[in-house]
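Here the structure is laid out as structure tokens; the discussion comes afterwards.
In my numbering, the protein residues as written are 117 to 888.
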């Protein structure tokens with residue numbers, strides 16, 4: 117993929133990502149991450165990060181502490197080299213990480229946390245307990261080869277111990293007998309030999325071998341002649357000890373070499389997992405989300421530049437809709453370049469498998485290449501002016517264009533005569549528009565505003581400027597062209613009114629009919645944008661009101677449930693009261709419906725819930741009947757449905773028919789409702805067996821209210837057939853049906869939980885429900 121990583125500051129994102137990695141290998145690998153332009157690879161990377169994010173939120177991150185870079189040691193072992201003690205201990209740490217990872221993924225599976233994709237990484241991890249045991253039996257945690265590492269080493273060290281003891285005893289005798297000739301009463305070591313510190317004046321009278329002297333030359337370190345033979349033996353034993361340790365290390369290195377490739381594969385897997393979890397942690401702490409990858413749609417909602425602090429960054433929605441070119445006009449200090457870099461940088465992040473700082477439901481596409489000409493740096497080395505530098509870069513871009521690429525051009529045509537610069541900019545844009553690419557361009561030329569207005573695939577945009585504070589607000593406004601605001605700024609700064617007024621007169625004389633029309637359109641656009649902002653604010657208020665009403669609805673439902681469990685004395689009155697409350701809620705919801713911002717499917721869902729609340733009163737009409745008889749109409753309390761008693765199967769148990777289904781219930785779960793003439797009942801009631809139903813309901817193509825009704829019936833059928841789970845197929849579409857289904861399931865007391873379908877279950881086009 118062709119792109120300028122540094123120009124769009126993607127390298128700075130990778131530097132921040134490094135801080136969330138645990139292992140050295142991952143930290144070394146992250147700077148080399150590059151974006152992909154293959155849809156399947158990008159989708160896979162994003163799904164991996166999403167799974168890691170879920171694991172962190174619901175349990176913990178994968179245990180990678182202690183994984184050290186032993187790649188070189190493993191390669192050396194495979195060619196017969198002897199590994200050091202430190203390297204062998206690092207390999208033990210790698211084996212420990214393998215054991216922890218196997219236990220981790222096992223726990224993830226037990227908790228039923230989605231891990232289908234990442235599971236394949238853990239599945240390939242191999243464990244080597246025998247190798248770990250062999251190393252730990254020879255080397256302790258302090259890095260010392262233990263005596264029991266081999267029989268030969270044990271015997272050698274016993275001889276060393278005896279020899280050291282003999283030397284120390286002889287030295288101790290000399291310390292006492294030759295005390296006056298010594299500068300200190302200690303035994304020290306020089307050249308790996310035990311020596312005594314003798315005063316310089318006695319060096320000729322003290323029999324022994326001189327090994328060293330102090331810097332002051334007042335002390336010489338002499339090995340007594342009586343100890344030379346024992347020291348020689350000790351030195352020989354120490355050489356034998358080192359030779360035996362070398363043999364032990366060779367043996368352990370050979371054991372490592374036999375599984376070197378498997379351990380290298382483990383190391384590779386840990387590095388990849390570390391990078392995936394680093395991406396997830398980076399997303400979690402910065403509130404990043406995954407956009408939907410589409411074929412040709414770009415709608416980054418509330419997009420933030422990830423390198424600007426969250427407390428100061430301004431979020432903007434960048435949408436192309438039916439357009440392929442956005443022309444951002446306005447003054448040079450208005451923040452246009454930030455919008456340009458935001459689009460480019462977020463695109464690079466997504467195509468590198470990173471979640472991005474956007475609101476949920478954002479969309480983007482995969483760009484073949486991302487080209488950018490941003491900044492005002494001159495090429496001193498090539499003696500190029502600003503204009504020449506820009507044109508040189510643009511020439512390269514135009515010669516390498518491929519369909520579905522993204523082009524970002526900052527201040528197109530600047531650095532030369534304004535008239536020629538504007539003409540050149542329009543000509544370049546005309547060429548770009550023929551290449552089936554997407555582009556965002558910034559400029560301060562007014563001619564490009566007119567250019568954008570005349571084209572269906574091109575739209576004007578601007579970055580809002582606050583005249584009062586004389587600062588840009590950095591709010592991007594699609595469809596609203598920018599203005600220089602020079603006269604307003606000058607007036608705000610205190611320039612005399614007579615000069616400002618004269619300037620406005622002169623400016624009007626420069627304007628042709630097109631420019632005058634443009635200014636009128638700009639004012640209309642600004643007024644329209646204010647209206648849009650007002651509507652969005654109202655939307656937020658209505659969403660808040662809707663949320664409050666939903667909470668009231670839930671509270672009302674809970675109140676009715678409590679009443680059902682309480683005494684029956686005042687039940688009818690309380691339910692009637694709850695019905696009135698529900699009807700009041702419906703009236704409020706109808707009022708909200710009149711607002712253009714309230715979604716139809718959400719209103720229908722709430723109505724459906726209220727309807728269910730109100731319908732319950734018919735199920736609790738009790739009489740004074742003391743016992744249940746065959747043919748009685750009863751309320752089945754666990755499912756809140758009416759049925760007819762078909763048969764008494766045993767003491768206290770009855771076969772009840774509910775619609776087309778029948779099931780057995782205990783008497784305590786049945787409430788008497790009404791009784792008909794028994795003779796009529798016997799002639800009209802037919803016993804049916806419990807039907808076999810599929811654990812799947814397809815709602816695609818249905819109207820919303822119809823779908824809710826079918827879902828309500830289907831859940832009852834599932835319960836009568838004792839299903840533990842079921843798949844509700846609602847498809848993708850606009851998402852309205854999915855939201856309605858999930859909203860209904862949240863309030864249904866018989867549903868234990870629900871989740872979106874997995875990769876092999878239909879994805880977000882399916883909702884899986886589990887029953888209590």
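Cβ atoms here follow ideal geometry from the backbone N, Cα and C, with glycine treated the same way.
1) Using the rule of at least 16 other Cβ atoms within 10 Å of the residue's Cβ for burial, across every protein chain shown, is residue 438 buried or exposed?
2) Can you give, in chain order, each stretch of the beta strand (DSSP E) that sits fully within the stretch 289-362 and has at least 3 residues?
3) Assign residue 243 to one of three DSSP states: helix, strand, or coil.
4) Cutting at 6 Å between CB atoms, please list the residues of its own chain near residue 120, excluding the five before and the five after it.
5) Among the residues of its own chain, which have a CB less than 7 Å from the CB of residue 220, if the five just before and after it don't count?
6) Of all the options 364, 556, 851, 147, which has the alpha carbon lying nearest to the alpha carbon of residue 872?
7) Where in the stretch 516-571 do unbroken runs of the alpha helix (DSSP H), each at least 4 residues long, occur, reported from the N-terminal end onward?
8) Is residue 866 near the ligand NAP, going by C-beta to nearest heavy atom under 6 Å?
9) Tell me which same chain residues have a C-beta within less than 6 Å of the C-beta of residue 477, skipping the five on either side of it?
10) Candidates 225, 377, 313, 410: which alpha carbon is nearest residue 156's?
11) Under 7 Å between the Cβ atoms of residue 204 and residue 251?
12) Pop quiz: residue 503 and residue 480 are said to be a contact at Cβ under 8 Å. What is the actual Cβ separation, rounded to whole angstroms?
13) What residues in its chain sit with their C-beta under 8 Å from that of residue 898, if we drop five residues either side in the sequence?
14) Measuring only the C-alpha atoms, how far is residue 874 from residue 230?
15) Going by the CB atoms, is the gap between residue 456 and residue 526 shorter than 7 Å?
16) According to DSSP, is residue 198 part of a helix, a strand, or is it coil?
17) Can you list, in chain order, the residues of its chain whose CB lies under 6 Å from that of residue 262, leaving out five sequence neighbours each side?
18) Note down the Cα distance separating residue 277 from residue 337, rounded to an integer number of angstroms.
19) Have a look at residue 885 and residue 660 and give me their C-alpha separation to the nearest angstrom.
20) Can you tell me the Cα-Cα spacing of residue 856 and residue 843, whole angstroms?
21) If you check the beta carbons only, do residue 811 and residue 839 fall under 7 Å apart?
22) Quick one: Cα of residue 433 to Cα of residue 591, how far?
23) So, using beta-carbon positions, are residue 474 and residue 422 closer together than 7 Å?
24) Taking 6 Å as the limit between beta carbons, can you name the residues of its chain near residue 340, skipping five residues before and five after?
25) If residue 118 sits next to residue 506, beta carbons under 8 Å apart, how far is it from one beta carbon to the other, in whole angstroms?
26) Any chance the stretch 128-135 sits against the stretch 365-383, with 3 or more Cβ pairs inside 8 Å?
27) Tell me which residue opens and which closes the alpha helix (DSSP H) that residue 386 is part of.
28) Spatial neighbours of residue 211 within its chain, please: C-beta separation below 6 Å, excluding the five flanking residues on both sides.
29) When you compare only the Cα positions, how much space is there between residue 498 and residue 491?
30) Strictly under 7 Å for the Cβ-Cβ distance: is residue 582 near chain D by that measure?
31) Starting from residue 169, trace the alpha helix (DSSP H) in both directions and tell me its first and last residue.
32) Alpha carbon to alpha carbon, what distance is there between residue 567 and residue 524?
33) Between the alpha carbons of residue 825 and residue 484, how many angstroms are there, rounded?
34) Measure the C-alpha to C-alpha separation of residue 142 and residue 388 and round it to an integer number of angstroms.
35) Among the candidates 832, 881, 183, whose CA atom is the shortest distance from the CA of residue 864?
36) Roughly how many angstroms separate the alpha carbons of residue 196 and residue 365, rounded to a whole number?
The structure says:
1) Residue environment for residue 438: exposed (fewer than 16 other C-beta atoms within 10 angstroms of its C-beta).
2) Listed in chain order, the beta strand (DSSP E) elements of length 3 or more contained wholly in the stretch 289-362 are 304-306, 309-315, 324-329, 335-340.
3) In the structure shown, residue 243 sits in coil (DSSP, three-state: anything other than H, G, I, E or B).
4) Correct list, in chain order: 488.
5) Counting only Cβ-Cβ distances below 7 Å, and skipping sequence neighbours, we find 178, 179.
6) The residue with the shortest Cα to Cα distance from residue 872 is 851.
7) Here the runs fully enclosed are 534-549, 563-569.
8) No copy of the ligand NAP occurs in the structure displayed, which carries no ligand at all.
9) Non-local C-beta neighbours of residue 477 in its own chain, meaning closer than 6 Å and more than five positions away in sequence, are absent.
10) Ranking the options by Cα distance to residue 156, first place goes to 410.
11) Inclusion of residue 204 and residue 251 in the CB contact set at 7 Å is warranted, their separation being smaller than that value.
12) Not really, about 33 Å apart at Cβ, beyond 8 Å.
13) The structure shown does not extend to residue 898, since the chain is modelled only from 117 to 888, so the question has no answer here.
14) Distance between the alpha carbons of residue 874 and residue 230 is about 8 Å.
15) The answer is yes: Cβ separation under 7 Å.
16) DSSP places residue 198 in coil when its eight states are reduced to three.
17) In its chain, beyond the 5 residues on either side, 256 have a beta carbon closer than 6 Å to the beta carbon of residue 262.
18) Taking the straight line joining both Cα atoms gives about 23 Å.
19) C-alpha separation (whole angstroms): 28 Å.
20) One C-alpha to the other measures close to 15 Å.
21) Pairing residue 811 with residue 839 gives a Cβ-Cβ distance under 7 Å.
22) So the two alpha carbons sit approximately 9 Å from each other.
23) No, the pair does not count as a contact, with Cβ atoms beyond the cut-off.
24) The residues are 290, 324.
25) Wrong, their Cβ atoms sit about 18 Å apart, outside the cutoff.
26) Contact between the stretch 128-135 and the stretch 365-383 is absent, because fewer than three Cβ pairs lie under 8 Å.
27) Secondary structure note for residue 386: its alpha helix (DSSP H) is the uninterrupted segment 376-402.
28) The residues are 244, 248.
29) In this predicted model, residue 498 has a pLDDT of only 41, less than 50, meaning its place in the structure is not dependable; the value taken from the coordinates is given anyway. Looking at the two C-alpha atoms, the distance is approximately 17 Å.
30) Within the model displayed, chain D is absent; a lone protein chain is all it includes.
31) Under the DSSP assignment, residue 169 falls in the alpha helix (DSSP H) whose first and last residues are 155-174.
32) Residue 524 and residue 567 have their alpha carbons spaced roughly 18 Å apart.
33) The straight-line gap from Cα to Cα measures roughly 46 Å.
34) Going by the C-alpha atoms only, they are around 7 Å apart.
35) Here the closest residue by C-alpha is 832.
36) So the alpha carbons of these two residues sit roughly 12 Å apart.
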